[in-house]
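All residue numbers in the sequence shown are consecutive under this note's numbering, ending with 417.
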Amino acid sequence: MTTPIRHRVFRTWRAALAVLPLCALPWLALAAPAGAEPGSYLMVAPGAVYPDSDRQTTDGWQVGAAAGMNLGDRWALEADGFFGRLGDPGGEHYQIGAGAALLRFFNQTPAFSPFARAGTGMAWMNRAGAGGPKVYGELGAGFVRWLPASPLTMRVDVAYRQTREPEAFGTAPPYADWRLGVGLVLPFGGPKKAPAPPPPAPPPPGDTDGDGVTDDLDRCPDTPPGAVVNPAGCPADTDQDGVIDLMDLCPGTLPRATVDHRGCEPDTDQDGVVNRQDLCPGTRLATRVDARGCPEVKVIRLEGVHFHFDSARLTDPARTVLNGVAATLKSQRALQVEVAGHTDSRGSEHYNLRLSQHRAEAVRQHLVQAGVPAAMLTARGYGEGAPVTENVTDDGRARNRRVELRITTVEGSAPDR
1 MTTPIRHRVF
11 RTWRAALAVL
21 PLCALPWLAL
31 AAPAGAEPGS
41 YLMVAPGAVY
51 PDSDRQTTDG
61 WQVGAAAGMN
71 LGDRWALEAD
81 GFFGRLGDPG
91 GEHYQIGAGA
101 ALLRFFNQTP
111 AFSPFARAGT
121 GMAWMNRAGA
131 GGPKVYGELG
141 AGFVRWLPAS
151 PLTMRVDVAY
161 RQTREPEAFG
171 TAPPYADWRL
181 GVGLVLPFGG
191 PKKAPAPPPP
201 APPPPGDTDG
211 DGVTDDLDRC
221 PDTPPGAVVN
231 PAGCPADTDQ
241 DGVIDLMDLC
251 PGTLPRATVD
261 HRGCEPDTDQ
271 DGVVNRQDLC
281 PGTRLATRVD
291 ARGCPEVKVI
301 RLEGVHFHFD
311 SARLTDPART
321 VLNGVAATLK
331 SQRALQVEVA
341 GHTDSRGSEH
351 YNLRLSQHRA
361 EAVRQHLVQA
371 GVPAAMLTAR
381 GYGEGAPVTE
391 NVTDDGRARN
401 RRVELRITTV
411 EGSAPDR
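(1) Where D237 and D269 are concerned, what is the direct C-alpha to C-alpha distance, given to the nearest angstrom?
(2) Going by DSSP, which residues form a beta bridge with M154?
(3) Helix, strand or coil for D177, going by three-state DSSP, please let me know.
(4) Determine the extent of the alpha helix (DSSP H) in which N352 is found, giving its start and end residues.
(5) Smallest Cα separation from Y41: which of G189, G72 and T315?
(6) Would G47 pass as a contact of G181 if the rule is Cβ separation under 7 Å?
(7) First and last residue of the alpha helix (DSSP H) that includes R319?
(8) What number of angstroms, rounded off, separates the C-alpha of E404 from the C-alpha of V339?
(9) So, with DSSP's three-state summary, where would you put N70?
(10) Output the residue ranges of the beta strand (DSSP E) runs that lie fully inside the region 51-116 and measure 3 residues or longer, sorted by chain position.
(11) Could you tell me if F115 is buried or exposed, where buried requires 16 or more neighbouring beta carbons within 10 angstroms of its beta carbon?
(12) In angstroms with no decimal places, state the Cα-to-Cα distance between H306 and G282.
(13) Is it true that the CB of A98 sits closer than 7 Å to the CB of G81?
(14) Quick one: grab the DSSP three-state call for R399.
(15) For the beta strand (DSSP E) containing E338, list its first residue and its last residue.
(16) Comparing alpha-carbon positions, which option in V337, A291 and L285 lies nearest L279?
(17) Return the residue from the list A227, Y382, F83 and R145 that minimises the CA-CA distance to T109.
(18) For A34, which of helix, strand or coil comes out of DSSP?
(19) Which word fits H287, buried or exposed, when buried means at least 16 other C-beta atoms lie within 10 angstroms of its C-beta?
(20) Is DSSP giving L22 helix, strand or coil here?
(21) Give the DSSP bridge partners of E404, in chain order.
(22) Here's a check: name, in chain order, each residue in its chain whose Cβ is nearer than 6 Å to the Cβ of Q162, leaving out the five neighbours to either side.
(23) Let me check understanding here. Comparing Cα to Cα, which of L77, W61, R354 and W178 lies closest to E92?
(24) If we count Cβ pairs, one from each stretch, closer than 8 Å, do we get three or more for the region 233-247 versus the region 260-269?
(25) Along the beta strand (DSSP E) that carries G293, what are the first and last residues, could you check?
(26) By how many angstroms is the C-alpha of V289 removed from the C-alpha of R364?
(27) Count the other CB atoms within 10 Å of the CB of A327; is the residue buried (16 or more) or exposed (fewer)?
(28) Report yes if the CB atom of A322 is closer than 7 Å to the CB atom of A362, and no otherwise.
(29) My output table needs one value for L461: the three-state DSSP class, helix, strand or coil.
(30) Can you tell me the Cα-Cα spacing of R319 and R359, whole angstroms?
(31) Take T3 and list the residues in its own chain whose beta-carbon comes closer than 8 Å to its own, dropping the five residues that flank it on each side.
(32) Going by DSSP in three states, L419 sits in which element: helix, strand or coil?
(33) Does DSSP classify T409 as helix, strand or coil?
In structure tokens:
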């Protein structure tokens, strides 16, 4: 470096050092955020030194150390020192120094925090003729990066350093060296980080079917609207027939009874009496039945209907009576009528059964001829099997020899009484 240029550089550097503290004061006031808590740190940084060619030495190494204090979240002040060795053909050439520096950070993030650095201090060298302590000044830049899962951070910086003897200010040019350092920083003494806020409470579970039981507890998530549910979110089934109360048309079904989709026990013949209780399961559709599921039968004894002895031939008075019966039946089309023939116990059972059947058929035939629809009438002989009294007297046997009309009402109509 030529002497004029070195003098100009040194004067510039000296001026910078002179105004550095004055410039730093307002920056510190502006940069430190309100309420910022200071913290401290230690640093060790080995590195390389690239000396001024005027030193007549070769590149060397240096180990630096620093103790610093953060001033808010963008500034730091540190005291530092270094020890290094330069390559010297004439012998060992060591440097040792101590000083202070001010750092300005520009982006405080864990991934990358760049900074600028300015510092000054005193340095000593053991080289023959080096004289006493020398003043140095530095300008540099670098960055800090947090190390994952570690309290340490990595710091990299490069600096331009000028060194000269105090008594030689203005008369001798300074030495201009470059320094590169890579180190580790250990923060300590700062404020404890506030614990992370608890995660926001999860939103309350929904109630998709609107039954009052949240989805996380609802074992029946598709309950129909308006259904009363139990704590598990399932519709109530009071009679436990498998059909919920909301849709159960027969809510009083016995436990474990077989039911259809309406919650009702099956009634195959549709007579209103469920199969479980129906003693007459094949009842004709629309037939009026009793509580047992059997047709309600009205029995009418045809007084005056007699036959010639030991035959199925009607007497003339009997025909007159049957003509009146036919006139009544023709006006009651919603009836089913069974003509029932009965005998006394004289004669064999087989003979009496056949005789009663013939007599019942004779009455039915006369009624049909008198205009009663044939579909309304059936004929059945009971023989001596259904007596109304004992067969021990003539009067008793006469009462047992009879013809009856067993009338079943269909579609709600009943015969005249």
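Here a beta-carbon is modelled for each residue, glycine too, at the ideal position from N, C-alpha and C.
Looking at the coordinates:
(1) Spanning the two alpha carbons is a distance of roughly 27 Å.
(2) Residue pairing by DSSP places M154 opposite R145 and L184 in a beta bridge.
(3) DSSP places D177 in strand when its eight states are reduced to three.
(4) Counting along the chain, the alpha helix (DSSP H) containing N352 begins and ends at E349 to Q369.
(5) Nearest of G189, G72 and T315 to Y41, Cα basis: G189.
(6) Against a cut-off of 7 Å, the Cβ pair of G181 and G47 comes out as a contact.
(7) Its alpha helix (DSSP H) spans residues D316 to L329.
(8) When the Cα atoms are used, E404 and V339 turn out to be separated by approximately 6 Å.
(9) If DSSP states are grouped into helix, strand and coil, N70 belongs with the strands.
(10) List check, beta strand (DSSP E) in window: 58-71, 75-87 and 93-105.
(11) Of the residues assessed, F115 falls on the buried side of the cut-off, its CB having 16 or more other CB atoms within 10 angstroms.
(12) Those two C-alpha atoms are separated by around 34 Å.
(13) Contact: yes.
(14) Helix, per DSSP.
(15) It spans L335 to H342 - the beta strand (DSSP E) in which E338 sits, taken as one unbroken run.
(16) Comparing C-alpha distances from L279 to each of V337, A291 and L285 shows the shortest one belongs to A291.
(17) Of A227, Y382, F83 and R145, the residue nearest in Cα terms is R145.
(18) With a pLDDT of only 28 at A34, under 50, the local geometry of the prediction cannot be trusted, and no value is derived from it.
(19) In the sequence under discussion, the amino acid at residue 287 is Thr, which differs from the His named in the question. When all chains shown are included, T287 counts as buried.
(20) In this prediction, L22 scores a pLDDT of 35, lower than 50, which makes its location untrustworthy; the coordinate-derived value is nonetheless stated afterwards. The DSSP-derived three-state label of L22 is helix.
(21) Its beta-bridge partners are R301 and A340.
(22) In chain order, W13, G137, P174 and A176 place their CB closer than 6 Å to the CB of Q162, counting only its own chain and leaving out the 5 sequence neighbours on each side.
(23) Checking every option, the nearest Cα to that of E92 belongs to W61.
(24) The region 233-247, when compared against the region 260-269, does touch it at the 8 Å Cβ threshold.
(25) Annotation: G293 is outside any beta strand (DSSP E) and is labelled neither H nor E by DSSP.
(26) So the alpha carbons of these two residues sit roughly 24 Å apart.
(27) Exposed is the label assigned to A327, since fewer than 16 other Cβ atoms lie within 10 Å of its Cβ.
(28) It should be noted that the sequence gives Leu, not Ala, for residue 322. Pairing L322 with A362 gives a Cβ-Cβ distance that is not under 7 Å.
(29) A query on residue 461 cannot be resolved here, the shown segment of the chain reaching from 1 to 417 and no further.
(30) A direct Cα-to-Cα measurement between R319 and R359 gives close to 13 Å.
(31) Any reading at T3 is ruled out, since the residue's pLDDT is 41, under 50, leaving its predicted position unreliable.
(32) Given that the chain is displayed from residue 1 to residue 417, the structure contains no residue 419 and the question cannot be resolved.
(33) Looking at T409 - three-state DSSP - the assignment turns out to be strand.
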